[in-house]
Amino acid sequence: MLQILRSPRPSISSKLLRTALLLAAATTALHAQNKLTLDTTRSEVHFTLTDTLHVVHGTFHIQQGDIAFDPATGKASGSIVVDALSGQSGNSMRDHRMTNDELKAPDFKTITFAPTRFTGTFNATGDSTVTVHGTFTLLGTPHEIDVPMQMQVNGDQLHAIGTFAVPYIQWGLKDPSTFMIKVNKEVQIDLSLMGTLRR
């Protein structure tokens, strides 16, 4: 009598192993980090400070920026580093006073923002609205802040804009007000960040 050869059935242990591997792969894909490297030639930090007579606009240069974030968990890491000596507002005397006397840039050469998490939904393409929480370090002292941001992803390019206020006097900077001119105690910071996204 002919015997029909059959392939051996997979054991329960091999099925479990296969299932575990598939779950691990799915979990890895779900929690894969996105990495953003800023283009410092296209990214900008703008500031606006008002007083009783003027509205002062200026910029700072971003030295480098590398951010990693997980869209599934909202966790983030990395930093954006700004050159404290690079502040420019169109008035050399004012800029020298700002960077040397108020920001103490010879001693504290950088201003940094280190994100730790974000809330909101990050979309792999198109527009997203999120709030980024992190540590803003000024004069060597860390401060926790939240930055609402609008993001747009086109291919591997990401553009993010955000605005937040810095209570600079409360955070240890010198009050530039005089008897005649009173300066606002908060400076508005506007971010425009451009970079390459790796998934």
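Residue numbers -32 to -1, 1 to 167, in mature numbering (1 follows the signal peptide of the UniProt record, and there is no 0), belong to the letters of the sequence shown in order. Glycine residues also receive a C-beta, built at the ideal position from the N, C-alpha and C atoms.
Item to complete: Give me the Cα-Cα distance between S145 and I137, rounded to the nearest whole angstrom.
Response: 11 angstroms
Item to complete: Please classify A40: is it buried, with 16 or more other beta-carbons within 10 angstroms of its beta-carbon, or exposed?
Response: exposed
Worksheet item: Mapping DSSP to helix, strand and coil, what is D69?
Response: helix
Worksheet item: Going by other Cβ atoms of all chains shown within 10 Å of its Cβ, with 16 needed for buried, is S96 buried or exposed?
Response: buried
Practice prompt. Return the CA-CA distance between H111 and G102, expressed in angstroms with no decimal places.
Written response: 8 angstroms
Worksheet item: Run through DSSP, which three-state label would D63 get?
Response: helix
Item to complete: Take S160 and list the residues in its own chain whose beta-carbon comes closer than 6 angstroms to its own, dropping the five residues that flank it on each side.
Response: E12 and I129
Worksheet item: Just how far apart, CA to CA, sit L4 and G94?
Response: 16 angstroms
Worksheet item: If you draw a straight line from the alpha carbon of T164 to that of D7, how long is it in whole angstroms?
Response: 7 angstroms
Practice prompt. May I ask you to report which of helix, strand or coil DSSP gives L53?
Written response: helix
Worksheet item: Around the Cβ of D75, are there at least 16 other Cβ atoms within 10 angstroms (buried) or fewer (exposed)?
Response: exposed
Practice prompt. Look up T(-5) in the DSSP assignment and say whether it is helix, strand or coil.
Written response: Because the pLDDT at T(-5) is just 43, under 50, the model does not fix this residue reliably, and the value given afterwards should be weighed accordingly. Reduced to three states, the DSSP call for T(-5) is helix.
Discussion item. Tell me the rounded alpha-carbon separation between L71 and D38.
Written reply: 33 angstroms
Worksheet item: Among the residues of its own chain, which have a CB less than 6 angstroms from the CB of M119, if the five just before and after it don't count?
Response: S96 and A128
Fill in: Through-space distance from P116 to A73, alpha-carbon basis
27 angstroms
Worksheet item: Hey, how far is the Cα of T87 from the Cα of F147?
Response: 43 angstroms
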